[in-house]
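Asks: Just dropping this structure here.
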Amino acid sequence: MLQGLEKEGVHIINFQSLSKKEAVYLEQYFEREIAPLLSSIVVGKKQPFPFLKNKDIYAVAVLSTKNEKEKIGIIPCNTGVFERLIEIPSRKGSFMLAEELILHFLPKVFKSYKISAKSLIRITRNADIDAEQIYDEDLDYRQHMEEVVKRRRKLSPVRLEHTRELDGTTVAKLCEYMKLKKEQTFYSHAPMIYLLFLILEII
4 MLQGLEKEGV HIINFQSLSK KEAVYLEQYF EREIAPLLSS IVVGKKQPFP FLKNKDIYAV
64 AVLSTKNEKE KIGIIPCNTG VFERLIEIPS RKGSFMLAEE LILHFLPKVF KSYKISAKSL
124 IRITRNADID AEQIYDEDLD YRQHMEEVVK RRRKLSPVRL EHTRELDGTT VAKLCEYMKL
184 KKEQTFYSHA PMIYLLFLIL EII
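For the sequence shown, my numbering gives the first residue as 4, with consecutive numbering after it.
The following block contains the structure:
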């Protein structure tokens with residue numbers, strides 16, 4: 004996927020390849036354009052695990068309190084309220100993914116906690132639904148299909164992807180929250196880019 008982007012002159016870069024000046028620019032961009040729009044959730048006794056939308060990307064952090072109790076912090080990354088591709092002004096055709104920027108600066112979001120692990124995650128929900136079972140003669144075809152899509156988004160998770168290595172305890176906890184088995188989790192260090200042509204169209 005990344006090779007396909009590079010053939011089109013588009014380069015997705017990470018923090019390791021940034022110059023000091025570029026890193027400062029992205030930090031200022033994050034604080035100005037992204038941080039004010041983020042909605043973070045800390046899962047605890049008073050805050051249940053949130054519903055994660057199908058195919059959406061979330062930044063997840065293992066948070067440690069002063070009492071050494073661990074909690075999980077979650078931030079939705081592709082809400083549509085900010086650009087997903089952030090251009091690097093000093094490099095033509097080079098971009099940073101917004102979710103990678105959010106993941107890098109998680110300490111700025113969860114200031115009261117120590118972050119012991121972090122990753123981007125995405126879940127895939129079961130799409131097996133019988134459209135005929137929810138047919139309503141009072142709905143036209145478009146409304147009917149909108150209802151089918153809406154219900155599919157709420158079906159049970161069948162797959163969990165994460166882009167950073169997480170310890171077994173954290174994976175087990177995420178599986179418990181989402182009623183998944185360990186065999187349904189997949190680690191990949193590659194960015195979660197699956198809409199190549201859409202990205203090219205946006206650019």
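Every residue gets a Cβ at the ideal spot worked out from N, C-alpha and C, and that includes glycine.
Predicted model only: the values in this text are computed from it and were never measured.
Just tell me which of 79, 172, 181, 167 has its CA closest to the CA of residue 189.
Replies: Considering only alpha carbons, the answer is 167.
Asks: Helix, strand or coil: which one does DSSP assign to residue 110?
Replies: Residue 110: helix per DSSP, three-state reduction.
Asks: Report, in whole angstroms, the separation of the C-beta atoms of residue 76 and residue 37, which I expect to be a contact under 8 Å.
Replies: Not really, about 16 Å apart at Cβ, beyond 8 Å.
Asks: Have a look at 164, 192, 194 and flag the residue whose alpha-carbon is nearest the alpha-carbon of residue 184.
Replies: Of the listed residues, the one whose Cα sits closest to residue 184 is 164.
Asks: In terms of alpha-carbon separation, which member of 67, 72, 13, 108 lies closest to residue 29?
Replies: Here the closest residue by C-alpha is 108.
Asks: List the DSSP bridge partners of residue 120.
Replies: Paired residues: 65.
Asks: Hey, out of 56, 70, 41, whose CA is closest to residue 105's CA?
Replies: Nearest of 56, 70, 41 to residue 105, Cα basis: 41.
Asks: Would you decide whether residue 177 is buried or exposed? Buried here means 16 or more other CB atoms lie within 10 Å of its CB.
Replies: Buried, since its Cβ has 16 or more Cβ neighbours within 10 Å.
Asks: Per DSSP, what kind of secondary structure is residue 74 in: helix, strand or coil?
Replies: It is a strand residue.
Asks: Would you tell me roughly how many angstroms separate the C-alpha atoms of residue 128 and residue 59, rounded to the nearest one?
Replies: Cα to Cα, residue 128 sits roughly 11 Å from residue 59.
Asks: So residue 78 and residue 62 are in contact, right, with Cβ under 8 Å, and what is the actual spacing, rounded?
Replies: Rounded, the Cβ-Cβ distance is 4 Å, consistent with contact.
Asks: Mind checking residue 86: buried by the 16 CB within 10 Å criterion, or exposed?
Replies: That one is exposed.
Asks: To the nearest whole angstrom, what separates the beta carbons of residue 173 and residue 120, a pair I think is in contact under 8 Å?
Replies: Right, their Cβ atoms sit about 6 Å apart.
Asks: Looking at residue 65: is its Cβ nearer than 8 Å to the Cβ of residue 118?
Replies: Their beta carbons are under 8 Å apart, which means residue 65 touches residue 118 by this criterion.
Asks: Considering Cα atoms alone, identify which of 169, 123, 80 is closest to residue 193.
Replies: Of the listed residues, the one whose Cα sits closest to residue 193 is 123.
Asks: To the nearest whole angstrom, what separates the beta carbons of residue 126 and residue 181, a pair I think is in contact under 8 Å?
Replies: Confirmed, about 7 Å.
Asks: State buried or exposed for residue 98, treating a residue as buried only when at least 16 other CB atoms are found within 10 Å of its CB.
Replies: Burial call: buried.
Asks: Helix, strand or coil for residue 98? Go by DSSP, reduced to three states.
Replies: Residue state, collapsed to three classes: strand.
Asks: Grouping DSSP H, G and I as helix and E and B as strand, with all else coil, what is residue 39?
Replies: It is helical.
Asks: May I ask you to report which of helix, strand or coil DSSP gives residue 16?
Replies: In the structure shown, residue 16 sits in coil (DSSP, three-state: anything other than H, G, I, E or B).
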